[in-house]
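So the structure is just underneath, and the comments pick up after that.
Numbering (my numbering), first residue to last: 45 to 401.
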């Protein structure tokens with residue numbers, strides 16, 4: 045089969061085009077050649093963190109791969125099968141486990157058998173959704189379309205040492221994904237979250253949670269329930285220190301809006317909690333069913349679903365528009381319309397292709 049040619053400099057021009065292109069290539073078993081990879085960036089070509097998705101999807105599809113090396117501007121990927129079953133991946137130091145999950149889950153839905161994947165790497169790292177967002181927000185929201193994903197965090201991994209351990213299970217899809225009509229959230233019914241601190245004093249997790257709670261209760265009028273995760277000295281299994289908080293609002297529509305913030309050296313715990321809380325307040329104020337991160341993550345599933353879906357997102361982002369462009373390349377028969385300006389709330393309408401094995 046002739047490979048699909050994709051210009052890696054379109055849209056946001058970064059690693060997202062690579063991940064989505066590889067995911068849809070693996071899903072459809074269509075070869076792909078991606079060129080001009082990150083051509084507009086100061087350090088163009090593949091970086092170590094981008095090779096994680098290549099490595100994971102190669103494992104999942106027994107793919108023939110050429111050009112998978114740091115600095116490469118071109119990549120050829122030819123998948124041969126969707127294996128499923130048990131897979132064990134080590135993506136190295138603090139490479140993002142969440143981004144690997146984003147790339148793998150659409151593929152594993154259509155694999156030969158139920159997939160269970162154990163991944164070692166980074167769970168809470170910059171430029172990537174934290175693992176608690178994937179576990180508590182992403183997995184919940186895609187369940188509304190019929191996607192069954194369970195995420196278990198055995199150990200966290202922060203930059204630079206990583207060492208996090210996550211196991212996720214993807215149930216093989218028995219039928220076509222369901223279309224959804226989820227535009228306005230209709231109000232908040234509860235706010236919850238997880239504040240963690242590893243290889244750090246307990247008070248770090250407590251201060252993050254306290255700061256977030258103060259803002260959320262006063263601005264949203266809801267008393268949040270924030271779980272604390274910390275470890276006693278001598279009983280902490282993590283390789284290095286790190287902290288962070290993930291918050292989410294359950295809405296009347298049944299969706300969840302998420303927000304997060306990551307701790308860093310010199311960054312007060314109170315600021316970590318406040319950042320996440322302010323973002324969640326903003327997400328809620330937009331009135332839409334899905335937050336700024338879910339917009340682009342939903343696109344592959346909406347395209348694969350049957351019927352017409354309409355979803356409201358708090359922000360139209362460049363990542364969302366890029367995901368739409370990649371989806372159109374693989375599924376030109378899908379009808380996708382994005383209403384709203386970049387950086388503003390919007391509505392995405394998709395007539396899916398009713399994809400099935």
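Positions of the beta carbon are idealized from the N, C-alpha and C atoms, including for glycine.
The structure displayed is predicted, hence computed values, not measured ones.
- Taking every protein chain shown into account, the CB of residue 187 has fewer than 16 other CB atoms within 10 angstroms, so this residue is exposed.
- Residue 228 and residue 365 have their C-alpha atoms spaced approximately 20 Å apart.
- Going by beta carbons, residue 97 and residue 206 fall outside the 8 Å limit.
- In the DSSP assignment, residue 48 falls within the unbroken beta strand (DSSP E) covering 48-51.
- Rounded to the nearest angstrom, the gap between the Cα atoms of residue 312 and residue 368 is 38 Å.
- Within the same chain, Cβ atoms closer than 7 Å to the Cβ of residue 395 are found at 352, 378, 379, the five residues on either side in sequence being excluded.
- Residue 199 carries a strand assignment under DSSP once its states are collapsed to helix, strand and coil.
- Counted as a single uninterrupted DSSP element, the alpha helix (DSSP H) harbouring residue 362 occupies residues 362-374.
- Taking a 10 Å sphere around the C-beta of residue 102, we find 16 or more other C-beta atoms and assign the residue as buried.
- Between residue 272 and residue 321, the alpha-carbon positions lie close to 16 Å from each other.
- Here residue 49 really is in contact with residue 77; their C-beta atoms are around 5 Å apart, less than 8 Å.
- Within the same chain, and ignoring the five residues on either side of residue 325 in sequence, the residues whose Cβ sits closer than 8 Å to its Cβ are 259, 260, 263, 264.
- With contacts defined as CB atoms closer than 8 Å, residue 391 and residue 302 fail to qualify as a contacting pair.
- Counting only unbroken stretches of 3 or more residues, the beta strand (DSSP E) elements lying wholly within the segment 170-226 are 193-199, 208-214, in sequence order.
- For residue 112, there is no enclosing beta strand (DSSP E), as DSSP marks it with neither H nor E.
- Taking the Cα of residue 202 as reference, the smallest distance to any Cα among 244, 108, 67, 226 is reached at 244.
- The bridge partners DSSP lists for residue 241 are 287.
- For secondary structure counted as the beta strand (DSSP E) over 3 or more consecutive residues, the segment 141-167 holds these complete runs in sequence order: 159-165.
- Residue 242 holds the alpha-carbon nearest to the alpha-carbon of residue 278 among 298, 308, 296, 242.
- The beta-bridge partner set that DSSP reports for residue 303 consists of 291.
- Within the same chain, Cβ atoms closer than 6 Å to the Cβ of residue 57 are found at 84, the five residues on either side in sequence being excluded.
- Per DSSP, residue 262 is not a residue of any beta strand (DSSP E); the alpha helix (DSSP H) it occupies stretches across 246-264.
- Judged by beta-carbon spacing, residue 212 lies beyond the 8 Å limit of residue 238, meaning their Cβ atoms are not closer than that value.
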